[in-house]
Amino acid sequence: MGYADDSQALDAKLNDLKNNTTRLVLCAGEPADFSEAQTNFGVGSGKRLGEVTVSAADFTGPSAGDIDGRKLVANAQAAVPITITGTADHAAWVDTSNSRLKHVRPLAAPIAVSAGQVGTIEAQTITDRQSAAPA
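Under this note's numbering, the first residue of the sequence shown carries the number 1, and numbering increases by one thereafter.
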């Protein structure tokens with residue numbers, strides 16, 4: 001028996017990310033929740049080094065996945081204002097309207113950033129894969 005998922009169902013999740021992510025945040029460490037992603041590094045458990053406001057226009061997709069399923073790409077952001085000096089190793093996608101941490105992923109490589117400068121978040125791809133047969 002084959003396994004398949006409805007593309008509309010997979011796209012619903014990806015469109016939620018696309019339509020409700022309002023900021024991409026460079027973080028020092030992996031934020032566990034919205035508060036950590038939106039609190040400056042060095043303040044309590046804050047992780048934010050800098051952030052950039054985004055809209056649905058900053059995303060490509062959903063479209064067919066590279067292997068299967070569906071994918072969404074957050075386009076690269078080359079001018080992320082940095083407010084705190086540190087080493088960025090994660091990017092967080094947040095919905096500031098609803099105080100939600102939407103998605104977190106590690107950067108390809110950690111980058112040192114300095115307050116008052118700009119950082120870069122490379123393009124980020126989320127793939128929602130087709131279901132697999134149970135093991």
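C-beta: ideal position from N, C-alpha, C; glycine also.
Between residue i and residue j, what straight-line distance do the alpha-carbon atoms span, to the nearest angstrom?
i      : j      : result
Met1   : Asn40  : With a pLDDT of only 42 at Met1, under the threshold of 50, the placement of this residue in the model should not be trusted; the figure read from the coordinates follows. The straight-line gap from Cα to Cα measures roughly 50 Å.
Asp16  : Ala115 : 32 Å
Val118 : Ile126 : 24 Å
Lys13  : Val73  : 13 Å
Leu49  : Ala112 : 10 Å
Ala64  : Ala9   : 13 Å
Asp68  : Asp6   : 12 Å
Gly124 : Ala76  : Per the sequence shown, the amino acid found at residue 124 is Gln instead of Gly. Their Cα atoms are separated by approximately 7 Å.
Asp66  : Lys102 : 22 Å
Ser45  : Asp89  : 15 Å
Ile84  : Glu122 : 19 Å
Gly61  : Gly29  : 28 Å
So what's residue i in DSSP terms, helix, strand or just coil?
i      : result
Gln38  : helix
Ala115 : coil
Ala76  : coil
Asp89  : strand
Asp33  : coil
Ala57  : helix
Val94  : strand
Ala123 : coil
What first and last residue would you give for the beta strand (DSSP E) that runs through residue i?
i      : result
Gln130 : Here Gln130 belongs to no beta strand (DSSP E), and DSSP marks it neither H nor E.
Asp68  : Note, Asp68: premise wrong, no beta strand (DSSP E); not H, not E.
Since residue i sits in a beta bridge, which residues does DSSP pair it with?
i      : result
Ile50  : The sequence shown places Gly at residue 50, rather than the Ile named in the question. For Gly50, which the question treats as bridged, DSSP gives the partners Leu26, Ile82.
Leu101 : Val94
How would you write the range of the alpha helix (DSSP H) that residue i sits in, first residue to last?
i    : result
Ser7 : 7-20
Hey, is the stretch 29-36 in contact with the stretch 55-64, meaning 3+ C-beta pairs nearer than 8 Å?
no
For the pair the stretch 16-30 and the stretch 66-83, tell me if three or more CB-CB distances fall below 8 Å.
yes
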